[in-house]
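The sequence shown begins at 2 in our numbering and counts up one residue at a time. Please read the structure below before turning to the comments.
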Amino acid sequence: MGKEVTPARQVLFPFKSDVRGADREFLPSALEILETPASPVKVALMLTICAFVAAALAWSVFGRLDVHAVALGKIVPSGQTKFIQPFDPGTVVSLSVTNGMRVEAGQELMAFDAAEAEAEARRQSEAASALRAEVARRKVAIDQAKAWPVKPLFPVADVEWQDDVPPAFRSREHRVLAADLSQLAETIGTLEKQIAQKHATRERLNMSIAYQTELIKTLQDRVAVREASLKLEVGTKINLFDALESLDKSRSSLASDKGQLLETEAAIVELRGEKDKDLATFIADNSTKLADAEKKLDDAVQQYAKANTKLIRTKLLAPTSGTVQALAVTTLGQVVTTGQQLLSIVPDGGRLQAEVYVANTDIGFIKVGQDVVVKVDTFPFTRFGSLHGKVINVANDAIDEQTARRQQANPTSTVNAMANTPSAPGQPQNFVFLVTVALEESAMKIDNVIIPLTPGMTLTAEVKTDDRRIISYLLSPLTKVASEAFRER
Numbered sequence: 002m003g004k005e006v007t008p009a010r011q012v013l014f015p016f017k018s019d020v021r022g023a024d025r026e027f028l029p030s031a032l033e034i035l036e037t038p039a040s041p042v043k044v045a046l047m048l049t050i051c052a053f054v055a056a057a058l059a060w061s062v063f064g065r066l067d068v069h070a071v072a073l074g075k076i077v078p079s080g081q082t083k084f085i086q087p088f089d090p091g092t093v094v095s096l097s098v099t100n101g102m103r104v105e106a107g108q109e110l111m112a113f114d115a116a117e118a119e120a121e122a123r124r125q126s127e128a129a130s131a132l133r134a135e136v137a138r139r140k141v142a143i144d145q146a147k148a149w150p151v152k153p154l155f156p157v158a159d160v161e162w163q164d165d166v167p168p169a170f171r172s173r174e175h176r177v178l179a180a181d182l183s184q185l186a187e188t189i190g191t192l193e194k195q196i197a198q199k200h201a202t203r204e205r206l207n208m209s210i211a212y213q214t215e216l217i218k219t220l221q222d223r224v225a226v227r228e229a230s231l232k233l234e235v236g237t238k239i240n241l242f243d244a245l246e247s248l249d250k251s252r253s254s255l256a257s258d259k260g261q262l263l264e265t266e267a268a269i270v271e272l273r274g275e276k277d278k279d280l281a282t283f284i285a286d287n288s289t290k291l292a293d294a295e296k297k298l299d300d301a302v303q304q305y306a307k308a309n310t311k312l313i314r315t316k317l318l319a320p321t322s323g324t325v326q327a328l329a330v331t332t333l334g335q336v337v338t339t340g341q342q343l344l345s346i347v348p349d350g351g352r353l354q355a356e357v358y359v360a361n362t363d364i365g366f367i368k369v370g371q372d373v374v375v376k377v378d379t380f381p382f383t384r385f386g387s388l389h390g391k392v393i394n395v396a397n398d399a400i401d402e403q404t405a406r407r408q409q410a411n412p413t414s415t416v417n418a419m420a421n422t423p424s425a426p427g428q429p430q431n432f433v434f435l436v437t438v439a440l441e442e443s444a445m446k447i448d449n450v451i452i453p454l455t456p457g458m459t460l461t462a463e464v465k466t467d468d469r470r471i472i473s474y475l476l477s478p479l480t481k482v483a484s485e486a487f488r489e490r
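Quick look at the structure:
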C-alpha cells in the first residue's frame with residue numbers, strides 16, 4: 002500500500018476543508034464541527050483585541066500621568082479684603098456708604114452716637130487743664146517762697162500759664178496763690194514783729210545790765226569807804242548796812258536782767274526757727290502737692306488721650322481706597338457691638354489671589370512656583386474652562402480643618418479662639434495648610450462677555466506636584482494590598 006501524500010493546500014491552510022459547505026451538512030455532527038473552518042472575522046477580532054492589549058500595556062509602561070493635589074478655597078484680593086469693625090459698642094447715627102460704592106482712603110463710612118464720648122473727653126480735658134493750672138500755681142508759690150527775703154512774698158508774681166488753660170482756671174488758681182502767699186506773708190510778718198520786739202527787749206536789757214554793772218562798781222566803792230570809816234570809828238554800822246543792802250539789790254537786779262536777756266535771746270532763736278519752719282513747711286507742702294498734681298496730671302493726660310481716642314473711634318474711616326461690600330448696617334439707630342463685622346472693602350488695583358487649604362497628606366509635595374489649574378465653582382469648567390496660576394506662598398504651620406473652614410467663612414474671627422474649639426467626639430482631627438496662589442487671569446469669558454472675578458468666589462485648585470507611570474498607578478492598589486497582607490496585630 003503506497004504512502005498518502007497530503008495536498009499542499011491542506012498543509013498551508015489546514016482550516017480549509019475539501020468538503021464543500023453543502024456536503025458538510027450530511028456529515029456526522031462531530032465531523033461537521035471538525036470540517037467546518039473557523040470564521041476569519043472572529044480570528045481578526047481576536048487578533049485586534051490582542052493588539053489593543055499589547056498597545057495598552059505599552060502605553061501603561063511608557064505613558065505618564067500628572068499627579069495633582071486638589072484643594073478647596075476662594076478668591077481674595079492681593080491686598081486682602083479689609084473688614085471694618087467697631088472698637089466700641091454704639092448706635093449708628095450716620096451712614097455714608099452703600100454696597101458697591103467706591104470710597105477713598107480716609108473717607109467717613111459711618112458715625113456712632115458720640116454724646117457720651119464727647120462728655121468724657123471734655124471732662125478729662127477740663128481735669129487736665131485744672132491740674133496744669135495747679136501745677137503752674139504751686140511752682141510759682143515754691144519759687145516765690147524760696148526767693149524770700151530777697152524778693153517779697155507779696156504781691157504775687159506773674160504765672161506762665163499754658164495755652165490750653167482756660168481763663169476761669171487761671172483766675173481761680175491766681176486767687177488761691179494770692180491767698181496762700183498772703184497767709185504765709187502774714188504769718189512771717191507776725192513772727193518778724195515778735196522778733197523785733199524781742200530785739201528791743203534785748204537792747205533794753207543790755208542797757209540795764211550795763212547800768213547795773215556800773216552801779217554795782219559804785220556801790221562796792223561805797224561799801225569799801227563805809228567799812229574804812231567804821232574801822233576809823235567815823236561811820237556807823239547802819240550806814241554800812243545800808244550800803245550793803247543797796248549793793249545786794251543791784252546785784253539781784255543785774256542777775257535778773259541777765260536771765261531775762263538769755264530768755265530773750267532764746268525767744269529770738271525760737272521765733273527765727275519758727276519762721277524758717279513755717280517757710281519750709283509751706284515749700285514742702287507745696288512740693289508734695291506739686292508732685293501729686295503732676296502725677297495726677299500724667300494720669301489725666303492718659304485718660305484724656307483714651308477718651309479722645311474713643312471719641313475719634315465714633316467715626317469709621319476707610320483704611321484704603323476700594324469698593325464697599327457686605328454692608329451689615331441698614332438703618333440709622335441700629336445698635337452695633339464690639340468686633341461686629343459691619344462691612345468690607347475690596348482694595349483697588351490689586352491682583353487676585355486664591356487662598357486654598359491643602360491636606361496634610363499633600364503639603365509635602367507643594368512648592369513655590371508650581372503650576373496650578375483653578376476651577377471656579379461659579380463657572381463650570383466643562384463649559385467655560387479654567388484659570389491658571391502659580392503657588393507663591395506655602396504656610397509653615399497647620400491649622401485644624403474645622404478652624405480653616407470657619408476662618409474662610411469669617412476671616413475676622415480669632416484664630417486662637419477657633420483653635421480652642423474641640424473636634425466632635427469620635428472624629429479624628431484633620432490638619433490643613435494655607436497655600437496662596439497668584440492667578441494669571443482676573444476675568445473669564447462667559448458667552449462672549451468678559452466677566453471679572455470677584456473676591457469671595459469659591460474654587461477648586463489642582464496643583465501639579467509630580468507625574469508617574471500609568472502602570473505604576475494601576476498597580477498601586479495591588480502593591481498596597483500585597484504590602485499589607487499576611488499581617489496580624
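In this text, a Cβ means the ideal position worked out from N, Cα and C, and glycines have one as well.
Problem - Environment of LYS218 [buried if 16+ CB atoms lie within 10 Å] - result: Exposed is the call here.
Exercise for the section: Please go through the same chain and pick out, in chain order, the residues whose beta-carbon is closer than 6 Å to the beta-carbon of VAL377, but skip the five residues on each side of it. Expected result: Non-local beta-carbon contacts of VAL377 in its own chain, meaning distances under 6 Å to residues more than five positions away in sequence, involve MET458 and LEU460 in chain order.
Problem - GLU356 - partner residues in DSSP beta bridges - result: Under DSSP, the beta-bridge partners assigned to GLU356 are LYS75 and THR437.
Practice task
Find out if the Cβ-Cβ distance for the pair GLN341, PRO87 is shorter than 8 Å.
Solution key: Their beta carbons are under 8 Å apart, which means GLN341 touches PRO87 by this criterion.
Problem - the segment 203-219 / the segment 251-260 touching (three or more Cβ pairs under 8 Å) - result: Touching, yes.
Exercise for the section: Look at the Cβ atom of LEU343, then the Cβ atom of GLN326, and state whether they are nearer than 8 Å. Expected result: For LEU343 and GLN326, no; Cβs fall outside 8 Å.
Handout entry: Inter-residue Cα distance where the pair is PRO478 and ASN449
Key = Roughly 45 Å separates the two Cα atoms.
Handout entry: Supposed contact pair GLU463 and VAL373 - C-beta distance, whole angstroms, cut 8 Å
Key = Rounded to whole angstroms, the Cβ separation of VAL373 and GLU463 is 7 Å, and the two are in contact under 8 Å.
Handout entry: the segment 100-108 touching the segment 311-329, judged by at least three CB pairs closer than 8 Å
Key = Verdict: yes, contact present.
Practice task
Throw me the rounded Cβ distance for the ALA491 and LEU435 pair, which I believe falls under 8 Å.
Solution key: Any answer about residue 491 is impossible in this case: the structure gives the chain only from 2 up to 490.
Exercise for the section: Please check the pair LEU96 and VAL330, which I expect to be a contact at CB under 8 Å, by giving their CB distance rounded to whole angstroms. Expected result: Their Cβ separation, rounded to whole angstroms, is 6 Å, which keeps LEU96 and VAL330 in contact under 8 Å.
Exercise for the section: Would you mind reading off the limits of the alpha helix (DSSP H) that contains LEU328? Expected result: Segment: none, LEU328 is in no alpha helix (DSSP H) and carries neither H nor E.
Handout entry: Ordered list of alpha helix (DSSP H) runs contained in the segment 90-169, each at least 4 residues
Key = Correct list: 116-148.
Handout entry: Segment limits, alpha helix (DSSP H) that includes ARG470
Key = Here ARG470 belongs to no alpha helix (DSSP H); instead the beta strand (DSSP E) covers 459-470.
Handout entry: Endpoints, beta strand (DSSP E) assigned at LYS368
Key = First-last for LYS368: undefined, no H or E at that position.
Exercise for the section: Give the C-beta separation of SER130 and VAL166 to the nearest angstrom, bearing in mind that I take them to be a contact with Cβ-Cβ under 8 Å. Expected result: Yes, they are in contact, since the Cβ atoms of SER130 and VAL166 sit about 5 Å apart, within 8 Å.
Problem - Own chain partners of ASP286 with C-beta closer than 6 Å, once the 5 adjacent residues on each side are dropped - result: For ASP286, same chain residues with a beta-carbon under 6 Å away, outside a window of 5 residues either side, do not exist.
Handout entry: VAL224 versus HIS200 - alpha carbon distance
Key = Using only the alpha carbons, I get a separation of about 35 Å.
Handout entry: ALA301, DSSP secondary structure in three states
Key = In the structure shown, ALA301 adopts helical secondary structure according to DSSP, grouped into three states.
Handout entry: Beta-carbon contacts of LEU318 that lie in its chain and below 7 Å, excluding the five residues immediately before and after
Key = Exclusion of the five residues before and after LEU318 leaves GLY107, GLN108, GLU109 and LEU110 as the residues of its chain whose Cβ lies within less than 7 Å of its Cβ.
Handout entry: SER345 (DSSP reduced to helix, strand or coil)
Key = Strand, per DSSP.
Problem - Stretch pair the segment 468-477 + the segment 51-66: three plus CB contacts closer than 8 Å - result: Pairwise C-beta distances place the segment 468-477 in contact with the segment 51-66, as three or more of them are shorter than 8 Å.
Practice task
State yes or no: is the C-beta of VAL94 within less than 8 Å of the C-beta of LEU333?
Solution key: Their beta carbons are under 8 Å apart, which means VAL94 touches LEU333 by this criterion.
Handout entry: Extent of the continuous beta strand (DSSP E) to which LEU454 belongs
Key = Neither: LEU454 is in no beta strand (DSSP E) and is coded neither H nor E.
Practice task
Determine the direct distance from the alpha carbon of ARG123 to that of PRO348, and round the result to whole angstroms.
Solution key: For PRO348 and ARG123, the distance between alpha carbons rounds to 36 Å.
Practice task
Excluding the 5 residues preceding and the 5 following ALA118 in the sequence, name in chain order all residues of the same chain whose CB lies nearer than 6 Å to its CB.
Solution key: Within the same chain, ALA118 has close Cβ partners LYS311, LEU312 and THR315.
Problem - Candidates PHE53, SER257 and VAL62, of which the one nearest ILE210 by Cα - result: When each option's Cα is compared against that of ILE210, the closest is SER257.
Practice task
To the nearest angstrom, report how far apart ALA70 and THR338 are at their CA atoms.
Solution key: So the alpha carbons of these two residues sit roughly 41 Å apart.
Practice task
Work out the CA separation of ILE346 and LYS495 for me, nearest whole Å.
Solution key: Past the boundaries of the shown model lies residue 495; the chain is included only from 2 to 490, so the question cannot be answered.
Practice task
Note the first and the last residue of the continuous alpha helix (DSSP H) segment covering PHE53.
Solution key: 41-63 is the extent of the alpha helix (DSSP H) around PHE53.
Exercise for the section: Could you tell me how far apart the beta carbons of ALA134 and LEU185 are, in whole angstroms, since I believe they sit closer than 8 Å? Expected result: Contact between ALA134 and LEU185 is ruled out by a C-beta separation of about 20 Å, above the 8 Å threshold.
Exercise for the section: Measure the CB-CB distance between SER247 and LEU220 and report whether it falls below 8 Å. Expected result: In this structure, SER247 sits near LEU220, with a CB-CB distance shorter than 8 Å.
Handout entry: Under the three-state DSSP convention, the category THR214 falls into
Key = Helix at THR214.
Practice task
Give me the Cα-Cα distance between VAL62 and GLN371, rounded to the nearest whole angstrom.
Solution key: VAL62 and GLN371: Cα-Cα distance of roughly 26 Å.
Exercise for the section: Let me know the secondary structure DSSP gives PHE88 once reduced to three states. Expected result: Correct three-state label for PHE88: coil.
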